[in-house]
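Asker: Quick note: the sequence shown uses my numbering, first residue -6, plus one each step. Backbone N, C-alpha and C fix where the C-beta goes; we use that ideal spot for every residue, glycine too.
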Amino acid sequence: MSEAGIDRIGFATTSLFLDMRDLAKSRGVDPEKYTVGIGQAEQSVAPSSQDSVTLAAAAARDAMKGEDPGEVDMILMGTESGVDASRAGAVYVKELLGLPDRVRCVELKQACYGATAALSWALDYVSMRPRRKVLAIGSDIARYGLNTPGEATQGAGAVALLCSADPKILKVEEDREFLTALAADFWRPTYSDCAIVDGHYSTEVYLEFFSRLWKRYKEETGRGAQDFEAFLFHLPFAKMGLKALREVLKEADPDRAEKLRSRFEASAAYGRRVGNIYSGSLYLSLLSLLESSLLEAGSRIALFSYGSGAEAELFSATLQEGYSSFLAPERHLAAINGRRKVGVGEYEHLFSDFLPSSPQDYSCDERYFAGPFRLAGVKGQKRQYEAGM
Ligand code: COA
-6 MSEAGIDRIG
4 FATTSLFLDM
14 RDLAKSRGVD
24 PEKYTVGIGQ
34 AEQSVAPSSQ
44 DSVTLAAAAA
54 RDAMKGEDPG
64 EVDMILMGTE
74 SGVDASRAGA
84 VYVKELLGLP
94 DRVRCVELKQ
104 ACYGATAALS
114 WALDYVSMRP
124 RRKVLAIGSD
134 IARYGLNTPG
144 EATQGAGAVA
154 LLCSADPKIL
164 KVEEDREFLT
174 ALAADFWRPT
184 YSDCAIVDGH
194 YSTEVYLEFF
204 SRLWKRYKEE
214 TGRGAQDFEA
224 FLFHLPFAKM
234 GLKALREVLK
244 EADPDRAEKL
254 RSRFEASAAY
264 GRRVGNIYSG
274 SLYLSLLSLL
284 ESSLLEAGSR
294 IALFSYGSGA
304 EAELFSATLQ
314 EGYSSFLAPE
324 RHLAAINGRR
334 KVGVGEYEHL
344 FSDFLPSSPQ
354 DYSCDERYFA
364 GPFRLAGVKG
374 QKRQYEAGM
């Protein structure tokens, strides 16, 4: 039996945010549609100097605070906003972190499911090599386009999971159930920097996949709603997870249902402000839950990962003794609270100031340089990354 799991959780987002009420006003929409109907209060805004690589590196640096970099054997980066169709973003991350050349670096892609695949392979690896560690990262910038329905569900950020065979925070159980079926709910052709999404259909597929997996999970494990202290979901927007949770609430007694409902709120707290971070979103829910509510060691948590296209996984994890002393709520809240608010005009300008999809050189706007790592620009078709001053 594997004891492997998550040792540390790192997080990063950008230094700017848009208030959803400002966006609603500008789009002629009732603000409550965004804040209540969709469930989002703010979204992080990325200048072109922040991308899936710089965010991944910042989250990984956060996860590695006080850790020995010499123990890390692999960086597995799940992303669907990768910066190159060939080279893995994880290679840049390794360089930015100054990790030794013997580290293996790979990028994984299956929409928002990528980080779960990274986590799964990281756990298998450390189970076989108990003295080694692996960084599994989910990093993305969610872009749907100006004046589109998906605009209200954008965001930017990364979560890095340092995995080990003797985890300090969470042991991941081996009760994993998977499901894959072709669905045209969301995708991004290589010619476009924005996703194509059929949002209502995507919600249908997500809910159907959750239903099928939950049914199978119960049959395989004999567990039910009463066996869990919390349910965590991939949250492209908070309402999506709430719809799936309702299926479980119907099966729980009133006390358990109330507990699961309030823990869902705790799990959605960070995401309501950061927005959709695609592959890292489920793990941002995990971080939000652990850093904003008190759960006892030994508590079992269910995790539902979903990636459009479509693939899903349902599994559970158990909190380790003393786990809370390995979290960093002050640091993570400071990252969210410390962002500068931008108006709709500045957000639209930043959204449109995107790297050219042609061989020309490009310089990122220095006024937006922030965070530990940044993209300075592109020269001779090579991306120029640097550490912040
Ligand atoms: N006050 C409160 N709630 C309101 C409201 C108001 N004034 N106006 C509308 N709402 C509610 C609606 O009833 C609906 O809630 P429900 O889903 O519980 O019924 C919700 O707000 C959204 O309204 P809707 O009309 O469906 O919005 P939309 O057509 O603009 O689309 C999304 C919303 C979420 C589908 C769209 O933003 C989207 O496609 N996002 C991307 C989704 C995605 O990324 N999927 C793939 C990844 S899993």
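#1: For the beta strand (DSSP E) that contains residue 299, what are its first and last residues?
#2: Just to confirm the assignment, what range does the beta strand (DSSP E) spanning residue 130 have?
#3: Tell me whether the beta-carbon of residue 295 lies closer than 9 Å to the beta-carbon of residue 117.
#4: Cβ-heavy atom distance between residue 406 and the ligand COA below 8 Å?
#5: How about the segment 330 to 345 and the segment 9 to 21: do they share at least three Cβ pairs that are nearer than 8 Å?
#6: Hey, out of 86, 30, 246, whose CA is closest to residue 51's CA?
#7: Does the distance from the C-beta atom of residue 260 to that of residue 278 stay below 9 Å?
#8: Within 10 Å of its beta-carbon, does residue 121 have 16 or more other beta-carbons around it, so buried, or fewer, so exposed?
#9: With a threshold of 8 Å, establish whether the CB of residue 145 neighbours any heavy atom of the ligand COA.
#10: Over the uninterrupted beta strand (DSSP E) stretch that includes residue 369, give me the two end residues.
#11: Please state if the CB of residue 366 and the CB of residue 355 are separated by a distance shorter than 9 Å.
#12: State the CB to CB distance for the pair residue 368 and residue 42, rounded to an integer number of angstroms; the pair is presumed to be in contact (CB under 8 Å).
#13: Would you say residue 295 faces chain B, with C-beta separation under 9 Å as the test?
#14: If you follow the beta strand (DSSP E) that residue 1 is part of, which residue opens it and which one closes it?
#15: Suppose you measure from the CA of residue 27 to the CA of residue 269; what does that come to, to the nearest Å?
#16: Using a 10 Å radius around the Cβ and a threshold of 16 neighbouring Cβ atoms, would you call residue 113 buried or exposed?
#17: How many whole angstroms separate the CB atoms of residue 13 and residue 34, which I take to be in contact at a CB cut-off of 8 Å?
#18: Indicate whether the contact test is met: 3 or more Cβ pairs, each with one atom in the segment 74 to 83 and one in the segment 159 to 170, closer than 8 Å.
#19: Could you tell me which of 129, 370, 232, 199 sits nearest to residue 31, measuring between CA atoms?
#20: Please list the terminal residues of the continuous alpha helix (DSSP H) segment that includes residue 110.
#21: From residue 77 to residue 209, what does the alpha carbon distance come to, in whole angstroms?
#22: In whole angstroms, what is the alpha-carbon distance linking residue 176 and residue 59?
#23: Quick check on residue 305: does DSSP put it in helix, strand or coil?
#24: Run the CB neighbour count on residue 333, radius 10 Å, all protein chains shown included, and call it buried at 16 or more, exposed below.
#25: Just the C-alpha distance for residue 137 and residue 180, rounded to the nearest angstrom, thanks.
#26: By a C-beta neighbour count over all protein chains shown, 10 Å radius and 16 as the cutoff for buried, is residue 129 buried or exposed?
#27: Determine, using beta carbons only, whether residue 132 and residue 57 come nearer to each other than 9 Å.
Answerer: The short version:
#1: Residue 299 sits at position 306 when you count from the first residue of the sequence shown. From DSSP, the beta strand (DSSP E) with residue 299 extends over 293 to 300.
#2: Reading the sequence shown from its first residue, position 137 is the one you call residue 130. Run containing residue 130: 126 to 135, per the beta strand (DSSP E) assignment.
#3: Numbered from its first residue, the sequence shown carries residue 295 at position 302. Numbered from its first residue, the sequence shown carries residue 117 at position 124. Contact flag unset, no.
#4: No information on residue 406 is available, as it lies outside the stretch -6 to 382 that the chain covers here.
#5: yes
#6: For this step, residue 51 is matched to residue 58 along the sequence shown. Per the Cα distances, 86.
#7: The residue you call residue 260 lines up with position 267 of the sequence shown. The residue you call residue 278 lines up with position 285 of the sequence shown. Yes, they are a contact pair.
#8: Numbered from 1 along the sequence shown, position 128 holds the residue referred to as residue 121. With fewer than 16 Cβ atoms within 10 Å of its Cβ, residue 121 is classed as exposed.
#9: Here the question's residue 145 lines up with position 152 in the sequence shown. Yes - the ligand COA has a heavy atom lying nearer than 8 Å to the Cβ of residue 145.
#10: To locate residue 369, count along the sequence shown from 1; it is residue 376. Counting along the chain, the beta strand (DSSP E) containing residue 369 begins and ends at 366 to 372.
#11: On the sequence shown, residue 355 is found 362 positions in, with the first residue counted as 1. On the sequence shown, residue 366 is found 373 positions in, with the first residue counted as 1. In this structure, residue 366 does not lie closer than 9 Å to residue 355 by Cβ.
#12: Here residue 368 corresponds to residue number 375 of the sequence shown, with the count starting at 1. Here residue 42 corresponds to residue number 49 of the sequence shown, with the count starting at 1. Indeed they touch by this definition, with Cβ atoms about 5 Å apart.
#13: Among the chains of the structure shown, chain B does not appear; only one protein chain is present.
#14: In the sequence shown, residue 1 corresponds to position 8, counting from 1. Note, residue 1: beta strand (DSSP E), -2 to 6.
#15: Taking the first residue of the sequence shown as 1, we reach residue 27 at position 34. Taking the first residue of the sequence shown as 1, we reach residue 269 at position 276. Distance between the alpha carbons of residue 27 and residue 269 is about 13 Å.
#16: Against the sequence shown, residue 113 aligns to sequence position 120. Looking at its Cβ environment, which holds 16 or more other Cβ atoms inside 10 Å, residue 113 is buried.
#17: Translated into the one-based positions of the sequence shown, residue 13 becomes position 20. Translated into the one-based positions of the sequence shown, residue 34 becomes position 41. That belief holds up - the Cβ atoms of residue 13 and residue 34 are roughly 6 Å apart, short of 8 Å.
#18: no
#19: Position 38 of the sequence shown, counting from 1, holds the residue named residue 31. Out of 129, 370, 232, 199, 232 has the C-alpha closest to the C-alpha of residue 31.
#20: On the sequence shown, residue 110 is found 117 positions in, with the first residue counted as 1. From DSSP, the alpha helix (DSSP H) with residue 110 extends over 107 to 121.
#21: What you label residue 77 is simply residue 84 of the sequence shown in a count that begins at 1. What you label residue 209 is simply residue 216 of the sequence shown in a count that begins at 1. Taking the straight line joining both Cα atoms gives about 37 Å.
#22: Here residue 176 corresponds to residue number 183 of the sequence shown, with the count starting at 1. Here residue 59 corresponds to residue number 66 of the sequence shown, with the count starting at 1. Computed Cα separation, rounded: 43 Å.
#23: As a working mapping, residue 305 is identified with position 312 in the sequence shown. In the structure shown, residue 305 sits in a strand (DSSP, three-state: E or B).
#24: As a working note, residue 333 is residue 340 in the sequence shown. Exposed: under 16 other Cβ atoms inside 10 Å.
#25: Walking along the sequence shown from the start, residue 137 turns up at place 144. Walking along the sequence shown from the start, residue 180 turns up at place 187. Near 11 Å, if we compare the C-alpha coordinates of residue 180 and residue 137.
#26: For the purposes of this step, residue 129 is taken as residue 136 along the sequence shown, with counting starting at 1. Per the 10 Å Cβ criterion, buried.
#27: If you number the sequence shown from 1, residue 132 lands on position 139. If you number the sequence shown from 1, residue 57 lands on position 64. No, Cβ-Cβ distance for residue 132 and residue 57 is not below 9 Å.
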